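Participant:
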Amino acid sequence: MKKIKISVRSLVELIMKKGSIDNRFVGNIKAIEGIRGHQRVQKSYGDEYTSEVSIKHTFSFDEIEIEVEGRMDGLLIENNKTIIDEIKTTTKDLLLIDENTNPLHWAQVKCYGYMYCIHNGLDNIDLQVTYYNIENKSTRILRQKFKICELEEFFFALINEYKSWASMEKKWMEIRNESIKNLKFPFEEYRQGQREFAVRVYKSIVDSKKCFAMAPTGTGKTVSTLFPAIKAMGEEKTSKIFYLTAKTITREVVNDTIRLMKKQKLNLRSITITAKEKICKMSEINCNPDYCLYAEGYFDKINNALKEILNKYDDFSRKNIDEISEVYKLCPFELCLDLTMFSDIVICDYNYIFDPRVYLKRYFDVKKTDFTFLVDEAHNLLDRSRNMYSAEINQDTFIKMKKIIGKKDKRILNLIKEIESYFLEKSKVLDVMKEKYLVENELPKALLELFNTLMKFMDEYLSRSNEENSDLLDLYFEVNKFISISNFYDNNYKTIYSDELLGINIKLFCANPSDLIVEKINRSKSATIFSATLTPLNYYKEIYGSEDGDFIINLKSPFDVKNRLLMIGDNISTTYDKRKDTAEDIVEYIKACVECKDGNYMVFFPSYKYMELVYEKIRDKYADLNVIIQENNMSEEEKEEFLALFNNDNKETNVGFCVLGSHFSEGIDLTEDKLIGIIVVGVGMPQINRERDIIKEQLNENNKGFDYAYVYPGMIKVLQAVGRCIRTSKDRGVILLLDNRYSTYRYKSLFPQEWNPYVRIKKPNDIKHLCENFWDNE
């Protein structure tokens, strides 16, 4: 029997959804207040009401097991009678709502009702849809009694429509699994440690555990995670693989690895989700059928189109999605999301799992799945999650909006004035304290009350206004995010009031998102969390929720240490107060390193300002040296032009000045003679600021706060930059680290295995002698 899983929501939408994509403003406040509205309704009942009840039902036909699962909003016990409740928030007049307002609402609760009756041996049950008006906080309950035979008829009408999809999926799974059985590791042999890595990933999936892996460059981490996960899928140990990464270039590597395995006649569907703003075909993102022909009739066309698409394609890369959407005139972004239902591997950014505003609700509204997460570059997830779960808003936003709204809407104008007064009060407090920052441990409740009222007024205005309101919409969504994030506020948060150039800024800062990350990770069956720089490993195990029985692997670099020369200049200070004093010394170290062999080098600095200081010095003293400097806020085209200067054909020395943690210190591959040397100035420590200090205070268990906030993030940037030097077994290069802190235990304890042996140097002339010997032995 082949088991196929589908959520009640996906089942209902797949079979019943009709019409066009239309995201025009029609009272979208429910997206903001939806959760709160649900909670208000649920709490209003008291102890007789159980919220968020998971339910699933499995049944068979034609050698297929279909598991339908979902989560009921509520179970109410009233006079010893059970009622299933489905809650919907709205801004409509509740008197205009009846049983026929939205058939999809009743469809969901009928599915829950049928499954509940089957599980509990009931002949009939009361079902209700509760409509909650978030503007006036009124409620309308529509309740009906259904016999099980009625619910069964409705449920199996949906299932009979779905059977063709299920049969298609069964046939695909058989073809896929048979091809996976014959799949062999796509290289002649495993690299050092690679087989062990793959085995642990496989076992973590089979045993429903996490796997934490430090996998240096060259260990083949992409294939070491994908191959065992695909093998486990072929044995039906997992139904879907999510490969999560922060960078576009990594997503391309994943696609290339899958294509490599397909050369063995592997049948596998993979999809890459591309952000809407990057894949949209229109000149502006405006999702409504009057403007966008790809939105018009989307839900009327999609099911027939999907059946054809799934017969023709199995590689849903960005290029293919672009072609397919053009043929069928379908929105490429929505098409991406719909194709994830039928894809075995979903390649996407972290935010589709972890961001509370854009995560894939069709998969993760249930508490537990049998999916596998492969979390690449996992050192980036922590700070990315801090951003996802933080929100801020500035006084200047409301000053501008006051001018724009003018006399168009008095209620909005007056409320903005009240909000301005709130900001002014905070400004006075900071003036009295003679401080630039004020940090509090609680939500700005008075401001949130004003924001909630503002949302109501803006919602009403935007719903009835026909004029262009892009500025007001921007404010709407900015306030929306602030309110949404406030729902997560707990003792891991701080509220930061800061006096900045544009006025008072208020930030809900998530100092420690660990609990939120772990909650999302634990919705998977298994997660492999890996990076070339998961340093120190114990820290990330703690942050990402390691438990007893999880698998740990720390791989050695496969590259011969004789192919690189690692030098550490630990007699020079690069701390902020010493930078001007030692800038000329830095210049001499750089010159000594790059003059021994013509070729391409990169020098990494902790900040643009520091980089520019040294650039001025080196340009004045060594004008003949070709130094290219990274500009701030470079476009994608400018980044490509910068990298194009680093090629194998250069007959002279090129020195690229770059910033640690930027595009050029992570995720670029300049192999062989494209890059023969890396110089890192400093230890990469983030600039000391209020937020980093809050992290330090928040995570100061065992006096490790400073390390967590400053040392570890900085050292990861250094490790990433150093990793640009040796990318393949054919590469040779020199690496120079300049900072006296590298001689301290705090930093030496973070050195990876592949940094041994290294040479300590005391002056630029030491470099010349060492580099000449290294290159002479080439």
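Numbering (full-length UniProt numbering), first residue to last: 1 to 778. No residue lacks a Cβ here, since even glycine has one placed at the ideal position from N, Cα and C. Only a predicted model underlies this, so the values are computations on that prediction, with no experimental measurement involved.
1) Could you check the C-alpha separation between E178 and L381 for me, to the nearest Å?
2) Suppose you measure from the CA of E772 to the CA of C596; what does that come to, to the nearest Å?
3) Of all the options G74, L566 and E169, which has the alpha carbon lying nearest to the alpha carbon of I66?
4) So G684 and K717 are in contact, right, with Cβ under 8 Å, and what is the actual spacing, rounded?
5) What residues in its chain sit with their C-beta under 6 Å from that of E161, if we drop five residues either side in the sequence?
6) Skipping 5 residues on each side, what residues in its chain have a beta carbon closer than 8 Å to that of Y359?
7) Would the region 392 to 401 count as touching the region 497 to 507 if we require 3 or more Cβ pairs under 8 Å?
8) Could you tell me the distance, in whole angstroms, from the CA atom of I709 to the CA atom of K494?
9) Run through DSSP, which three-state label would F354 get?
10) May I have the straight-line CA-CA distance separating C117 from R9, to the nearest angstrom?
11) Which value, in whole angstroms, describes the spacing of the CA atoms of residue 831 and F212?
12) Can you tell me whether L438 is helix, strand or coil according to DSSP?
13) For the beta strand (DSSP E) containing D207, list its first residue and its last residue.
14) Would you call the region 718 to 731 and the region 757 to 766 in contact, with 3 or more CB pairs under 8 Å?
15) Could you tell me which of G234, Y243, L226 and Y190 sits nearest to T219, measuring between CA atoms?
16) If V681 sits next to I586, beta carbons under 8 Å apart, how far is it from one beta carbon to the other, in whole angstroms?
17) Does the structure place the region 235 to 244 close enough to the region 276 to 286 that three or more beta carbon pairs sit under 8 Å?
18) Just the Cα atoms here: how many angstroms apart are F197 and T225?
19) Put I572 into one of helix, strand or coil per three-state DSSP.
20) Let me check understanding here. Comparing Cα to Cα, which of A215, I258 and S164 lies closest to I180?
21) Using 8 Å for Cβ pairs, my map puts H105 next to V68. What's the rounded Cβ distance?
22) Does the separation of the CB atoms of G677 and G733 fall below 7 Å?
23) To the nearest angstrom, how far is the alpha carbon of Y437 from that of R690?
24) Spatial neighbours of K203 within its chain, please: C-beta separation below 7 Å, excluding the five flanking residues on both sides.
25) Helix, strand or coil for R251, going by three-state DSSP, please let me know.
26) In three-state DSSP terms, what is R464?
27) Exposed or buried, T222, counting other C-beta atoms within 10 Å across all chains shown (16 or more means buried)?
28) DSSP on V366, reduced to helix/strand/coil?
29) Short check: CB of I496 to CB of K507, under 7 Å?
30) Decide yes or no for the touch test of the region 241 to 250 against the region 294 to 304: beta carbon pairs closer than 8 Å, at least 3 of them.
31) Below 8 Å, how does it come out for the region 368 to 376 and the region 523 to 536: are there three or more Cβ pairs, yes or no?
32) Roughly how many angstroms separate the alpha carbons of L737 and F333, rounded to a whole number?
33) Going by C-alpha to C-alpha distance, which of S270, E449, F156 and E52 sits closest to Y114?
34) Could you tell me which of D123, S20 and L96 sits nearest to T139, measuring between CA atoms?
35) In the DSSP assignment, the alpha helix (DSSP H) including R579 goes from what residue to what residue?
36) Counting along the chain, where does the alpha helix (DSSP H) carrying K2 start and finish?
Facilitator: If we stick to the structure as given:
1) 35 Å
2) 6 Å
3) E169
4) 4 Å
5) I15
6) N351, Y352, I353 and K520
7) yes
8) As written in the sequence, residue 709 is Ala, which differs from the Ile given in the question. Taking the straight line joining both Cα atoms gives about 15 Å.
9) helix
10) 19 Å
11) What is shown of the chain runs 1 to 778, which leaves residue 831 out entirely.
12) strand
13) Taken as a continuous stretch (DSSP letters only), D207 belongs to no beta strand (DSSP E), as it is neither H nor E.
14) no
15) Y190
16) 6 Å
17) no
18) 8 Å
19) coil
20) I258
21) No, H105 and V68 are not in contact; Cβ-Cβ is about 17 Å, not under 8 Å.
22) yes
23) 8 Å
24) F551
25) helix
26) helix
27) buried
28) coil
29) yes
30) no
31) yes
32) 44 Å
33) F156
34) L96
35) R579 to V594
36) Here K2 belongs to no alpha helix (DSSP H); instead the beta strand (DSSP E) covers K2 to S7.
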